[in-house]
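S.K.: Below you will find the structure I want to go over with you.
Protein chains: 4
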Amino acid sequence: MSSTYGKILKIATFGESHGLGIGVVIEGCPAGLDFDPDFIQSELSRRKPGQSRITTQRREADEFEVLSGVFEGKTTGTPIALLIRNEDQRSKDYSHIAAQYRPSHADYTYQAKYGIRDYRGGGRSSARETAARVAAGALAKLLLKKVGVSVQAYVSQVGTLKLEKSYQELDLAQTETNDVRCPDAAMAQRMFDYIDETRKRGDSVGGVVTCVAQGVPAGWGEPVFDKLHAELGKAMLSINAVKGFEYGSGFAGVEMYGSQHNDAFFTDENGKVRTSTNLSGGIQGGISNGEAIYFRTAFKPVATIMQDQDSVDQFGEKVTVQGKGRHDPCVVPRAVPIVEAMTALVLADFYLRQLANRI
Amino acid sequence: MSSTYGKILKIATFGESHGLGIGVVIEGCPAGLDFDPDFIQSELSRRKPGQSRITTQRREADEFEVLSGVFEGKTTGTPIALLIRNEDQRSKDYSHIAAQYRPSHADYTYQAKYGIRDYRGGGRSSARETAARVAAGALAKLLLKKVGVSVQAYVSQVGTLKLEKSYQELDLAQTETNDVRCPDAAMAQRMFDYIDETRKRGDSVGGVVTCVAQGVPAGWGEPVFDKLHAELGKAMLSINAVKGFEYGSGFAGVEMYGSQHNDAFFTDENGKVRTSTNLSGGIQGGISNGEAIYFRTAFKPVATIMQDQDSVDQFGEKVTVQGKGRHDPCVVPRAVPIVEAMTALVLADFYLRQLANRI
Amino acid sequence: MSSTYGKILKIATFGESHGLGIGVVIEGCPAGLDFDPDFIQSELSRRKPGQSRITTQRREADEFEVLSGVFEGKTTGTPIALLIRNEDQRSKDYSHIAAQYRPSHADYTYQAKYGIRDYRGGGRSSARETAARVAAGALAKLLLKKVGVSVQAYVSQVGTLKLEKSYQELDLAQTETNDVRCPDAAMAQRMFDYIDETRKRGDSVGGVVTCVAQGVPAGWGEPVFDKLHAELGKAMLSINAVKGFEYGSGFAGVEMYGSQHNDAFFTDENGKVRTSTNLSGGIQGGISNGEAIYFRTAFKPVATIMQDQDSVDQFGEKVTVQGKGRHDPCVVPRAVPIVEAMTALVLADFYLRQLANRI
Amino acid sequence: MSSTYGKILKIATFGESHGLGIGVVIEGCPAGLDFDPDFIQSELSRRKPGQSRITTQRREADEFEVLSGVFEGKTTGTPIALLIRNEDQRSKDYSHIAAQYRPSHADYTYQAKYGIRDYRGGGRSSARETAARVAAGALAKLLLKKVGVSVQAYVSQVGTLKLEKSYQELDLAQTETNDVRCPDAAMAQRMFDYIDETRKRGDSVGGVVTCVAQGVPAGWGEPVFDKLHAELGKAMLSINAVKGFEYGSGFAGVEMYGSQHNDAFFTDENGKVRTSTNLSGGIQGGISNGEAIYFRTAFKPVATIMQDQDSVDQFGEKVTVQGKGRHDPCVVPRAVPIVEAMTALVLADFYLRQLANRI
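Protein chains in written order, with the numbering used here: chain A, 1 to 359; chain B, 1001 to 1359; chain C, 2001 to 2359; chain D, 3001 to 3359.
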């Protein structure tokens, strides 16, 4: 198991879906940063369950406690431990699946790997763990804000409904105005209806979250292995239910010729080197080039559905997994703050790493 | 800069395109493994330039020297250093671009990050660095073979030409029978012609490499951050020119419902837990489930083209970057062994990591 | 700041002396280990303040809470988070030193490094942090016990009172029979009186803790940098107030000739390779050789004394630091479980690391 | 095996005593540093064998080759690979000990750990590996010089001959004026005679190297685990033949009272916070306080002696290990540049790490 992430700004998350709580220890945050608990709480609230009828009905306030690392409102350079107690544990809901392997969940693989698992709500494999990431990511956002970097994600696809506009054509300030977190109001409504209808059928559906980071100067990213997009990719793929990642032109770029795909350099009015197009997605050779960084992350339909499914149990016997409990019919609306959090953690770490670049 | 990869089986690569050579130090390889220099050389030869008229005409034998870590034909548990001397350096070819920023290359970002760069052939940012990865990956393959794991990649798309067959429908033994490394002979010929025509126009085109790992038992991968697919994704995205990664159902899975997407478990005739479909791509919750692992990696059209392009130089002045030198019109045929190498390194590392899973 | 330790069995500690609490996240503990809360509590009680009149009178029950990672009495392979709430915080005691730099404390250096510090009781630099290490170390002891390894430390010197007997001449089972934790009863009494007299004078005094690990098989330790004794040395030197470390013959070995110092090999009745002497301290070339591992750790007199001292404050002004508050007149009795804990963590990590040694 | 060291400035060493060569890959060196090959060569020459009749007579020029990372005389931020070819391999000298376990060498432990070993000259466990450290350390010295930090080591004890003067009482510029590397000429002569006499008897003897780092500002070191002295201790203990480490007052400090041991703060004429004594050794709470950092490292008598010794072979049979070959009768004269190199690497790494301390 590896529950740590980052090189200088490092996080170690812990906790299970139905244990006492979820938390994170953040190490390497520079001293002297204003610690804004309200902002962190607001980010947690964007991720918490029960926000609308298209998200799971589990009830969690997701309030956090600061155990260490903050003094008189500022970070002190010491580890910052944040704890979110679990409230609505309802362990009884899960007793019937103690020995069952739910299809496309991690029940079987955890059992195969460890020989034991906390089966309640998926235990450690539950997306509840991402609450800890969001709390840590909120702190990373505060650090990035200090250096002029913003991170904004939004839902760009639900099932077959795909927002064809690029991020430049959208008003990202509209993202939080609807439950789907799609900045295009008309599309947001269509997506909501799509998800709600899926929910009513007891089914689930996938989606895509697009993320844009602006204000990153040229020079972040550590090739040849820790390329900026490689680390972003890993961070995104580490989120529950993610199946794919692409940045800049992505998979569509495959079909282009180099003469179409190359981004021409020019010098702007301020003497800054820019590119006239941005198929590079703001990253060249694994290093930011000063343009906007953008990427897309694909989420599968969540595995929990309200339908009976064939499966086996720990003893290899055939069982029927029954569809009950609570679930998200589509994970992407709540995934938006998680994508932002992981992006912020990656970028903040690269910000700190590049401080030692030059003599 | 981060030129190290892996947790237990770790590699540290070094070298520039036109320096003395390229190399790798491999640490953490278990002692007692038969070191097969012929196999390593054969893998290097699959990656080396000048294989056919659709690859770059740079001439490199890519022969390697074992500097340490092998004794009487076996690994000793100590660091294994491999060195590949550069032969065809032709530094003069590059003098004209010393101060130029070639579009969609890493010239500008390296200069912005470090304030200095070895401009000859892209220096450290050249894909020549991947020779070191292929050498190390060959050793990882030898280790994996001991535990019954194979890794096979092939070209599944070139530009708009897409192989619609799944890996199960293909005979992967055919991959090496053609210059494109596509296991479908008819498609391989079409792809060859497509690339060759692109080359004649002085242009380049993108492609996709699909990779399949078979024989991985259930239990490899280290969630919550070092999920098997997250690490594979990072490894792929760290390869030059890669723009996207997806595993199992990938981006297409977004459009499915959970009821279609879930892989039903069953117990096979040997009492082994299996899934009847494999949209999970052999990985659930970030841990291998015993099914074949497969994923797709998208490569952009290479940035070097034989056409004049507008750009700027280090002083911000407008320049025309002239298309000369040698280049790969399409990188995917030579990327196949690189994808395999990085996959093997990731899997071998997870193999070693999971040895400490249980009491 | 670096509050993480270990490669496979990793700990991340957090917390300040007068914050909400102290804790640790333990990652990499194998699944299936019996989690014995009583044993962990008993180890914490060996370290806790207020045990006798020669230890600080701060009152802390040092009871811990398991936040994650344990299910039905066993470890699950997921991160184990343990939290010890601070009770007797008495922050007011420390307000008078908010701006003062106490001599030979970390007040000045934390301020110089971070520009901010939690001055209450030394904040993060307080030895209170070691409670988290003892809790984690207790778990490491449970793991080591499974593989037949024991770790026992004891006080071998207080000020000028030096126990001249080697560990073989002592009955280590006697260590816990007295407040000093010296296994020689007569010497223990002399040490107690020495410390108590020092305490009455408002002064403090140094000491040495000797530690012995038995049952470690040949093969643990990872040269060339992570030599077994190098890692033990780092672990010991990371404990508050430690000034020196030596293993086997140590500094005294300097004065010997090679012909005296070399440990002759022989084969014992069971066919096991042994050494007839053990000046190597159970470690050769950085790897355990199957003999007992032993080493000595030097602790300085604690910096807190009940006497007035000249110093300066944050503004560079001369101040008199007044001796008040609570303190340990000699740290070594309470350091014994800390030394054992760090030793156990180092050894358990090396146990897990060596599992990947050979094919 | 762990042959990597450092967090930001990282080294990976490789090579065996009688393989093709020894080398190091240095990662994380900032770009733009003047690369001074003459200085690096001069440091290697301080360590190389055959310097006088009190060092081993093995002949090695120890000339190095720069494989990567340097362009037009400057570091580029990319990995710097340095290779030192072995010349005087004389493998035949060692064939008689292929199956023997030399007393207090690493033959047995390497065999026990890996099941295979390169027995020629100790293979990887040979102190020849430290040549790579000295080359890397020379680069670290160049970096430290840029920020005003110097590192100077010297021999302060050989066998029972102990230099009682503190570093302040010595003229460290005299260190290189004699073969022993003791800055006190009279003591140097006595030590030389002592070593030479020991050599004539075919024996060996231990010694102590003292090291002083000056110019380190307050704020380097990363508690709670990577305390400055903890990392220095690990680095020293990772050097072949080291048995102990102490800094500041060290083991002698144990016998002092706190009232004697505490270093009083004062503000000097420049407004800088200083301490009037320096028993802290320049480090408080694991962080440099701006005073000189000093420590002592104990080396055992080297295990190779020119005398017959009882031992066993790989089959457990009794053998007589014959004293032949070449050896250092006392390791400390050649250890001086190694101690400096490791110290420089540790300090340079902490210099780079602390750049991210504060917002």
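We treat Cβ as the ideally placed atom computed from N, Cα and C, and that holds for glycine. Here the structure is a predicted model, which means the values were calculated and not measured.
With a 10 Å radius around its C-beta and 16 neighbouring C-beta atoms as the bar for buried, classify residue 3059 of chain D as buried or exposed.
M.R.: Counted from its first residue, the fourth sequence places residue 3059 of chain D at position 59. By the neighbour-count rule (16 or more Cβ atoms within 10 Å), residue 3059 of chain D is not buried but exposed.
S.K.: Could you work out which residue in B:1290, B:1342, B:1102 and B:1044 is closest to residue 108 of chain A when comparing CA atoms only?
M.R.: As a working mapping, residue 108 of chain A is identified with position 108 in the first sequence. The shortest C-alpha separation from residue 108 of chain A is found at B:1290.
S.K.: In chain order, what residues of the same chain lie with their CB nearer than 6 Å to the CB of residue 1196 of chain B, ignoring the 5 residues before and after it?
M.R.: Position 196 of the second sequence, counted from the first residue, corresponds to residue 1196 of chain B. Within the same chain, residue 1196 of chain B has close Cβ partners 1054.
S.K.: Please confirm whether residue 2081 of chain C and residue 2025 of chain C have their CB atoms less than 7 Å apart.
M.R.: Numbered from 1 along the third sequence, position 81 holds the residue referred to as residue 2081 of chain C. Numbered from 1 along the third sequence, position 25 holds the residue referred to as residue 2025 of chain C. Yes, Cβ-Cβ distance for residue 2081 of chain C and residue 2025 of chain C is below 7 Å.
S.K.: Assess contact between the stretch 1039–1053 of chain B and the stretch 1014–1024 of chain B, defined as three or more Cβ pairs (one per stretch) separated by less than 8 Å. Is contact present?
M.R.: Because the criterion of three Cβ pairs below 8 Å is not met, the stretch 1039–1053 of chain B and the stretch 1014–1024 of chain B do not touch.
S.K.: Give, in chain order, every residue of the stretch 3025–3059 of chain D whose Cβ lies closer than 8 Å to some Cβ of chain A.
M.R.: Listed by position along the chain: 3028, 3030, 3031, 3032 and 3033.
S.K.: Going by the CB atoms, is the gap between residue 212 of chain A and residue 288 of chain A shorter than 7 Å?
M.R.: As a working note, residue 288 of chain A is residue 288 in the first sequence. As a working note, residue 212 of chain A is residue 212 in the first sequence. No, the pair does not count as a contact, with Cβ atoms beyond the cut-off.
S.K.: Nearest to residue 1315 of chain B by CA position, among B:1076, B:1044 and B:1097, is which residue?
M.R.: Translated into positions along the second sequence, residue 1315 of chain B becomes position 315. Answer by Cα proximity: B:1097.
S.K.: For residue 1147 of chain B, count the other beta carbons within 10 Å of its own beta carbon; 16 or more makes it buried, fewer makes it exposed. Which is it?
M.R.: Locating residue 1147 of chain B in the second sequence gives position 147, counting from the first residue. Per the 10 Å Cβ criterion, exposed.
S.K.: Checking contacts by CB at 7 Å: is residue 2356 of chain C closer than that to chain B?
M.R.: Position 356 of the third sequence, counted from the first residue, corresponds to residue 2356 of chain C. So, interface residue.
S.K.: Give me the chain B residues within the contact set of residue 2080 of chain C, using Cβ-Cβ distance strictly less than 7 Å, ordered along the chain.
M.R.: The count along the third sequence starts at 1 and reaches residue 2080 of chain C at position 80. Correct list: empty, because the minimum Cβ distance to chain B is about 14 Å.
S.K.: Grab the span of the alpha helix (DSSP H) containing residue 3013 of chain D for me, first residue to last.
M.R.: The count along the fourth sequence starts at 1 and reaches residue 3013 of chain D at position 13. Residue 3013 of chain D -> not in any alpha helix (DSSP H); beta strand (DSSP E) instead, spanning 3010–3015.
S.K.: Which word fits residue 3349 of chain D, buried or exposed, when buried means at least 16 other C-beta atoms lie within 10 angstroms of its C-beta?
M.R.: As a first step, residue 3349 of chain D must be located in the fourth sequence, where it is residue number 349. Buried: at least 16 other Cβ atoms inside 10 Å.
S.K.: Can you confirm whether the stretch 3317–3337 of chain D touches the stretch 3257–3272 of chain D when touching is taken to mean that 3 or more C-beta pairs between the two stretches lie within less than 8 Å?
M.R.: Short answer: they don't touch.
S.K.: Going along chain D, which residues have a C-beta under 8 Å from residue 2001 of chain C?
M.R.: By 1-based counting over the third sequence, the position of residue 2001 of chain C is 1. Correct list: 3222, 3223 and 3224.
S.K.: Since I believe residue 3341 of chain D is in contact with residue 3021 of chain D (beta carbons under 8 Å), could you give me their beta-carbon distance rounded to a whole number of angstroms?
M.R.: Position 21 of the fourth sequence, counted from the first residue, corresponds to residue 3021 of chain D. Position 341 of the fourth sequence, counted from the first residue, corresponds to residue 3341 of chain D. Going by Cβ atoms, the distance from residue 3021 of chain D to residue 3341 of chain D rounds to 18 Å, so no, they are not a contact pair.
S.K.: Give a yes or no on whether the minimum CB-CB distance between residue 2126 of chain C and chain D is below 7 Å.
M.R.: Here residue 2126 of chain C refers to the residue found at position 126 of the third sequence. So, not an interface residue.
S.K.: Could you list which residues in chain A have their beta carbon closer than 9 Å to that of residue 2016 of chain C, in chain order?
M.R.: Residue 2016 of chain C sits at position 16 when you count from the first residue of the third sequence. Within 9 Å Cβ-Cβ: 68, 69, 71, 76 and 78.
S.K.: For the alpha helix (DSSP H) containing residue 1350 of chain B, name the first residue and the last one.
M.R.: Taking the first residue of the second sequence as position 1, residue 1350 of chain B is located at position 350. From DSSP, the alpha helix (DSSP H) with residue 1350 of chain B extends over 1332–1353.
S.K.: Quick check on residue 2200 of chain C: buried or exposed, where buried means 16 or more other Cβ atoms within 10 Å of its Cβ?
M.R.: As a first step, residue 2200 of chain C is located in the third sequence; it is residue number 200 there, counting from the start. So residue 2200 of chain C counts as exposed.
S.K.: In the structure shown, what three-state DSSP assignment does residue 97 of chain A receive?
M.R.: Indexing the first sequence from 1 puts residue 97 of chain A at position 97. Residue 97 of chain A: helix per DSSP, three-state reduction.
S.K.: For residue 20 of chain A, return the contacting residues in chain C, with the cut-off set at a CB-CB distance below 8 Å.
M.R.: Sequence index remark: in the first sequence, residue 20 of chain A carries index 20 (1-based). Simply 2065, 2066, 2067 and 2068.
S.K.: If we ignore side chains and look at the alpha-carbon of each, how far apart do residue 1155 of chain B and residue 36 of chain A end up?
M.R.: Numbered from 1 along the second sequence, position 155 holds the residue referred to as residue 1155 of chain B. Numbered from 1 along the first sequence, position 36 holds the residue referred to as residue 36 of chain A. Cα-Cα distance, rounded: 50 Å.
S.K.: Could you check the C-alpha separation between residue 3236 of chain D and residue 2245 of chain C for me, to the nearest Å?
M.R.: Walking along the fourth sequence from the start, residue 3236 of chain D turns up at place 236. Walking along the third sequence from the start, residue 2245 of chain C turns up at place 245. Cα-Cα distance, rounded: 11 Å.
S.K.: Please classify residue 3271 of chain D: is it buried, with 16 or more other beta-carbons within 10 angstroms of its beta-carbon, or exposed?
M.R.: Locating residue 3271 of chain D in the fourth sequence gives position 271, where the first residue counts as 1. Label assigned to residue 3271 of chain D: exposed.
S.K.: Chain C partners of residue 3147 of chain D, CB-CB under 7 Å?
M.R.: On the fourth sequence, residue 3147 of chain D is found 147 positions in, with the first residue counted as 1. Those do not exist, as residue 3147 of chain D stays about 16 Å from chain C at its closest Cβ, beyond 7 Å.
S.K.: Which residue's Cα is closest to the Cα of residue 84 of chain A: A:57, A:125, A:105 and A:134?
M.R.: Position 84 of the first sequence, counted from the first residue, corresponds to residue 84 of chain A. If we check each option's Cα against that of residue 84 of chain A, A:134 comes out closest.
S.K.: Quick one: which residues of the stretch 1245–1279 of chain B get their C-beta closer than 7 Å to a C-beta of chain A? List them in chain order.
M.R.: Answer in chain order: 1245, 1246, 1247, 1248, 1249, 1250, 1251, 1253, 1254, 1255, 1256, 1257, 1258, 1259, 1261, 1262, 1263, 1264, 1265, 1266, 1267, 1271 and 1273.
S.K.: So residue 1352 of chain B contacts chain C; which residues on that side make the cut at Cβ distance below 7 Å?
M.R.: Here the question's residue 1352 of chain B lines up with position 352 in the second sequence. Within chain C, the residues near residue 1352 of chain B are 2356.
S.K.: According to DSSP, what are the bridge partners of residue 2211 of chain C?
M.R.: Looking up residue 2211 of chain C in the third sequence gives position 211. Its beta-bridge partners are C:2153 and C:2295.
S.K.: Beta carbons nearer than 8 Å to chain A: which residues of the stretch 2114–2144 of chain C have them?
M.R.: Within the stretch 2114–2144 of chain C, the qualifying residues are 2114, 2115, 2116, 2117, 2118, 2123 and 2124.
S.K.: Could you tell me which uninterrupted alpha helix (DSSP H) segments, each at least 4 residues in length, are contained entirely in the stretch 3117–3146 of chain D, listed from first to last along the chain?
M.R.: Counting only runs of 4 or more, we get 3130–3146.
S.K.: Taking the straight line between their C-alpha atoms, what separation do you get for residue 3194 of chain D and residue 3203 of chain D?
M.R.: By one-based count along the fourth sequence, residue 3194 of chain D stands at place 194. By one-based count along the fourth sequence, residue 3203 of chain D stands at place 203. Residue 3194 of chain D and residue 3203 of chain D: Cα-Cα distance of roughly 11 Å.
S.K.: Can you tell which of B:1337, B:1352 and B:1145 has the C-alpha that lies nearest to the C-alpha of residue 1044 of chain B?
M.R.: On the second sequence, residue 1044 of chain B is found 44 positions in, with the first residue counted as 1. The shortest Cα separation from residue 1044 of chain B among B:1337, B:1352 and B:1145 belongs to B:1337.
S.K.: Tell me the DSSP bridge mates of residue 1026 of chain B?
M.R.: Mapped onto the second sequence, residue 1026 of chain B falls at position 26. Bridge partners of residue 1026 of chain B: B:1011 and B:1080.
S.K.: Nearest chain B C-beta to residue 227 of chain A closer than 7 Å, yes or no?
M.R.: Numbered from 1 along the first sequence, position 227 holds the residue referred to as residue 227 of chain A. Cβ-Cβ to chain B under 7 Å: yes for residue 227 of chain A.
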